[in-house]
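Everything on this sheet refers to the single structure shown next.
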Amino acid sequence: MQPAPAPTATATPAAPVPTDPFQAFLAGVGLPADAVDAADAAAMMHKMGLAFREAVGGLRELLELRAFLKSEFRIEHTLLRAKENNPLKFSANLDGTLAVLIGRRVTGFMDAPEAVRESLRDIKAHEVALISGMKTVVSDVLEQLAPETVKADVGASMLPQVHKARCWEKYEQVHQRLVGEQSSGPPLGAQFSAAYTKQFRNL
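Just so we're aligned: 772 in the working numbering is position 104 of the sequence shown, and the numbers increase by one with no gaps anywhere.
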């Protein structure tokens, strides 16, 4: 006797969007229809509009700071694509971003919820990758300035007093080189970029 086939899971149909704009807003937020007095609808919608503008502006600034850091360390940037571009990344200004997020669907851009989700995901990944890059650079600097490293570079075939003086000279040379590298970018910048990129891609 053949076993009965497993029941096929059926997707739960999405709830219809209310025709009333205020009720549609509450449904999108996930609140019940009676969460806010209808008499306060206009004032509440205006307040939420102000909050939305602040939130979108803040997201744009965080993404711009992320792009600036990637440019400083020559890390690969997000490129404009033929479709599914994020308006939070590729609009000229805040008003342009809001027009794409709220207005009619613009060809080549994501819907608002998807754009916000991707932006938050990228910012979270950026923070983790940033920490990874910083830890890599700090570890490398500490290793180069470690007493054992300096002593090994100097060697030990000399009088103790001379050896100590040579070690100090070597330390000064390494420190000066690291300061110069910080001004010019690589190789510490290259190490940061490599660690950042590796961590970001693994998230």
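Glycine included, every Cβ here is placed at the ideal spot set by N, Cα and C.
- Per DSSP, residue 870 has no beta-bridge partner at all.
- Here residue 777 carries a strand assignment [DSSP, helix/strand/coil].
- Distance between residue 709 and residue 694, taken at the CA atoms: about 10 angstroms.
- The region 710 to 723 makes no contact with the region 740 to 748: fewer than 3 CB pairs, one atom from each, lie closer than 8 angstroms.
- Taking a C-beta distance under 8 angstroms as the contact criterion, residue 774 and residue 812 do not qualify as a contact pair.
- Of the candidates 828, 837 and 865, the residue whose Cα lies closest to the Cα of residue 795 is 865.
- Within the same chain, and ignoring the five residues on either side of residue 834 in sequence, the residues whose Cβ sits closer than 6 angstroms to its Cβ are 822.
- Burial state of residue 754 is buried, judged by a 10 Å Cβ sphere holding 16 or more other Cβ atoms.
- Residue 727 sits close to residue 787, with the two beta carbons spaced by under 8 angstroms.
- Taking all protein chains in view, the Cβ of residue 733 is surrounded by fewer than 16 other Cβ atoms within 10 Å, so the residue is classified as exposed.
- The continuous alpha helix (DSSP H) containing residue 714 extends over residues 709 to 740.
- If you draw a straight line from the Cα of residue 826 to the Cα of residue 820, it is about 13 angstroms long.
- Excluding the 5 residues flanking it on each side, residue 699 has no same chain C-beta neighbour closer than 8 angstroms.
- Ranking 801, 845, 731 and 803 by CA distance to the CA of residue 762 puts 731 first.
- Distance between residue 851 and residue 814, taken at the CA atoms: about 22 angstroms.
- Counting every other CB atom within 10 Å of its CB across the protein chains shown gives residue 860 a total of 16 or more, marking it as buried.
- Judged by beta-carbon spacing, residue 863 lies within the 8 angstroms limit of residue 804, meaning their Cβ atoms are closer than that value.
- Its chain contains 749, 750, 751, 752 and 753 as the residues whose beta carbon lies nearer than 8 angstroms to that of residue 776, once the 5 sequence neighbours on both sides are disregarded; these appear in chain order.
- For residue 702 and residue 867, the gap between their C-alpha atoms comes out near 45 angstroms.
- Going by C-alpha positions, residue 691 is about 10 angstroms away from residue 704.
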